[in-house]
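Going by our numbering, 789 is the number at position 351 of the sequence shown; the sequence numbering is gapless.
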Amino acid sequence: MNVSSVGLGKLGLCSAACFASKGHHVIGVDSNGRHVDALRDGQCPIDETGLPALLARCRHNMEFTTNYGHAVRDSDITLITVPTPSDATGRFSNTDLEAVLDRIAPALRAKSMFHVVGVVSTVMPGTCERVFKPRLEKLTGKLCGRDFGLLYNPEFVALGSVVSDFLHPDLLLIGASDGRSARIARELYSTVVESNPCYALMGLTNAEITKLSLNCYVTMKISFANELAAICEKIPGADVDVVTTAIGADVRVGRKYLKGGLGFGGPCFPRDNLAFQRCAEDAGTCAHLSPRVVEVNVEIVNRLCAMIRGHAEPGSTVALLGLSYKPGTHVVEESQPVMVAEKLLDAGYVVRMHDPKALESAAEVLQGRGIYCNCPYDAASNASVVVMLTPWPEYNRLDIHRLEERAGSLPLLIDCWRIYRNAPFRKFTYRAFGTAVQPSGRNVYDSLASILHPDDRRRAPVLERPPVQHPALT
Ligand SMILES: NC(=O)c1ccc[n+]([C@@H]2O[C@H](COP(=O)([O-])OP(=O)(O)OC[C@H]3O[C@@H](n4cnc5c(N)ncnc54)[C@H](O)[C@@H]3O)[C@@H](O)[C@H]2O)c1
């Protein structure tokens, strides 16, 4: 199929490359001329796992342009993935999307063949039906559903794994103005995905609601696990991982996004939550759960800062390991680690920070305040408190004794994700989110409970143990 992809950013460029890698011819359009020039020059201007290699493999199927007319004329379907930032009220702004519709409309008007326009960007429910469809019909003089088709087909991908998530979806959500457009979209996606997803075909408005509510549901799971972690921390013998592993094994709940730790951040989850609340208000009703989910999320940063204050006075050094909102990305938008850094700096702490990718973007948000270190051991230098914030895989391999040696006297290690729970500490006092149990005090049955989960069975040392049934899981 000939595909045009408008907006070649973090999501649009990845999806364009995925289509091209499966043999489709892709015309990539972006309003940023320098971005287009860089792509034409063979560069990969987006930092995303696997993208440079994928682009290198499929460039022969791709062209990059700022010409919207050519993109529409010479493709069967135009997918639009431009920013929809939150406006002052928390609703998504359509400014960039409407600018694209205005630019593609002349070619759409002139085209005699049926053409599909797909909106991928996140929008407020009702937007395609009430705003985009009438706008395109007016600009082209054509009838939506007969002369051209309109789709709302968002992606469920996470930064750091966009390419892999795009190729292996659980769910393909296709909202369509008509059956013909839905069939074209399904045919296109079925040639690209490497998983066996559920195709959810529906009308435009239901698809918009589905996208928003799915993201909000996931944040509700995250906040539930985090609230549970805060409770477990206060109950001697409790361990949030043991509890969530068991809860997650029930198919009604599921294991993903159910790990107590830091809260959610990034460019999508926080603003989707707010937009969900506005959507309810616009519909004349009220979203009661969503504001509570955000409250729980905000409280985590306060709880962590209180833990730090309880151990070290302002003026002392705190080392923060991890700044991005999640591993695998440099993005620090709504990142809880950066919020912690900001609060500590405001309170007068010396903040030393490390992140494998996000130092530069964090320095921008923090306006250069604090000390930015290229290695985690350097960040720990003279620290009274070391905090493990973003669970980057490289932090699993840290030499804990080296970290202790660099830290100040009587240092505290706060481990938001419990990755060092079994480390043989010599100097650190250890506190983990979600458990009141010290590493040596873990109940033998608890450790057996966690190894019974299929994912954990892959860990080699655990496999050597004889299989023991945990009473709570039988
Ligand atoms: N990044 C993600 O993981 C993700 C996940 C789900 C949904 N989304 C949604 O996808 C949309 C895009 O997100 P993103 O992260 O890729 O944004 P981005 O900022 O990384 O990229 C947007 C691109 O669109 C281009 N652009 C802006 N206006 C344009 C115009 N008028 N014509 C052509 N190009 C234009 C920009 O130059 C930029 O290259 C947003 O609505 C976002 O909510 C993103």
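The beta-carbon is built from N, C-alpha and C at its ideal position, and this holds for glycine as well.
Delimiting residues of the beta strand (DSSP E) encompassing residue i
{"i": "N735", "result": "Run containing N735: none in the beta strand (DSSP E); it sits in the alpha helix (DSSP H), L727 to H749."}
{"i": "E501", "result": "M500 to T503"}
{"i": "Y810", "result": "I809 to C811"}
{"i": "T755", "result": "T755 to L759"}
{"i": "H463", "result": "H463 to V467"}
Residue i Cβ short of 7 Å to ligand 3 heavy atom set
{"i": "H508", "result": "Judged by which ligands are present, ligand 3 is missing from the structure shown, whose ligands are ligand 1."}
Reference residue i, options the options, closest by Cα
{"i": "V656", "options": "H498, N820, S531 and V731", "result": "V731"}
{"i": "R472", "options": "T504, V444 and V441", "result": "T504"}
{"i": "G703", "options": "Y763, G564, R573 and G579", "result": "Y763"}
{"i": "G617", "options": "L609, I660, L588 and T519", "result": "L588"}
{"i": "I465", "options": "L449, D479 and M439", "result": "M439"}
{"i": "L700", "options": "Q774, E593, A796 and D816", "result": "Q774"}
{"i": "I612", "options": "L783, N735, H463 and L626", "result": "L626"}
{"i": "V444", "options": "I738, E772 and G507", "result": "G507"}
{"i": "R529", "options": "L712, I685, L492 and L652", "result": "L712"}
{"i": "T828", "options": "A785, P862 and V769", "result": "V769"}
{"i": "A545", "options": "R511, L535 and A491", "result": "R511"}
{"i": "S524", "options": "P705, E567 and P831", "result": "P705"}
{"i": "M640", "options": "M658, G598 and T648", "result": "T648"}
{"i": "G447", "options": "S459, A458, S469 and D514", "result": "S469"}
{"i": "T565", "options": "G556, P490 and L642", "result": "L642"}
{"i": "F586", "options": "T560, A614, A663 and K781", "result": "A614"}
{"i": "L535", "options": "Y590, F552 and F707", "result": "Y590"}
{"i": "V555", "options": "L517, S847 and H726", "result": "L517"}
{"i": "C717", "options": "N644, V756, T867 and G806", "result": "N644"}
{"i": "G760", "options": "V736, K549, G698 and R790", "result": "R790"}
{"i": "E832", "options": "D608, G753 and Y858", "result": "Y858"}
{"i": "V917", "options": "F594, K795, V756 and S531", "result": "A question about residue 917 goes unanswered here, because the residues of the chain that appear run from 439 up to 912."}
{"i": "S513", "options": "P572, F502 and H553", "result": "H553"}
{"i": "A668", "options": "T873, A458, P752 and S442", "result": "T873"}
{"i": "L497", "options": "D485, P483, V520 and A458", "result": "First, the residue type needs correcting, since residue 497 is Arg and not Leu in the sequence shown. It is A458 whose Cα lies nearest to the Cα of R497."}
{"i": "T682", "options": "P674, K659, L652 and L727", "result": "K659"}
{"i": "I673", "options": "F871, S442, K460 and K781", "result": "F871"}
{"i": "A548", "options": "E575, F714, E719 and C482", "result": "E575"}
{"i": "P752", "options": "L477, K781, S799 and M551", "result": "K781"}
{"i": "E646", "options": "R584, V441 and V558", "result": "V558"}
Boundaries (first-last residue) of the alpha helix (DSSP H) holding residue i
{"i": "A494", "result": "L489 to C496"}
{"i": "H839", "result": "I838 to R844"}
{"i": "S550", "result": "Taken as a continuous stretch (DSSP letters only), S550 belongs to no alpha helix (DSSP H), as it is neither H nor E."}
{"i": "S453", "result": "G450 to S459"}
{"i": "M826", "result": "Unbroken run through M826 is the beta strand (DSSP E), V823 to M826; no alpha helix (DSSP H)."}
{"i": "G587", "result": "First-last for G587: F586 to Y590, but that is the beta strand (DSSP E), not the alpha helix (DSSP H)."}
{"i": "G686", "result": "V678 to G686"}
{"i": "R478", "result": "G471 to R478"}
{"i": "K781", "result": "Q774 to A785"}
{"i": "N834", "result": "P831 to N834"}
{"i": "S762", "result": "Unbroken run through S762: none, as it is neither H nor E."}
{"i": "Y506", "result": "Y506 to R511"}
{"i": "Y815", "result": "P814 to A817"}
{"i": "C717", "result": "F707 to D720"}
{"i": "A801", "result": "L797 to V803"}
{"i": "S602", "result": "V600 to L605"}
Test: residue i CB closer than 8 Å to a CB of chain C
{"i": "D679", "result": "Absent here is chain C; the protein component of the structure consists of one chain."}
One or two residues paired with residue i in a DSSP bridge
{"i": "M640", "result": "G613"}
{"i": "Y868", "result": "L851"}
{"i": "R790", "result": "A757 and I809"}
{"i": "S442", "result": "I465 and T516"}
{"i": "S619", "result": "Its beta-bridge partners do not exist; DSSP assigns none."}
{"i": "C582", "result": "F586"}
{"i": "V557", "result": "I518 and Y590"}
{"i": "T873", "result": "D677"}
{"i": "F530", "result": "S524"}
Quick one: any contact between the region 845-860 and the region 823-836, if contact means 3 or more CB pairs under 8 Å?
yes
Any 3 or more C-beta pairs closer than 8 Å across the region 620-629 and the region 538-550
no
For the pair the region 764-773 and the region 679-697, tell me if three or more CB-CB distances fall below 8 Å.
no
Between the region 447-467 and the region 573-583, are three or more C-beta pairs nearer than 8 Å?
no
Taking 8 Å as the cut-off, does the region 594-603 touch the region 444-462 (at least 3 CB pairs, one atom from each stretch)?
yes
Mind the definition here: the region 835-847 touches the region 801-817 only if three or more C-beta pairs lie below 8 Å; say whether that holds.
yes
Check whether the region 742-758 and the region 782-792 touch, using three or more Cβ-Cβ pairs below 8 Å as the test.
yes
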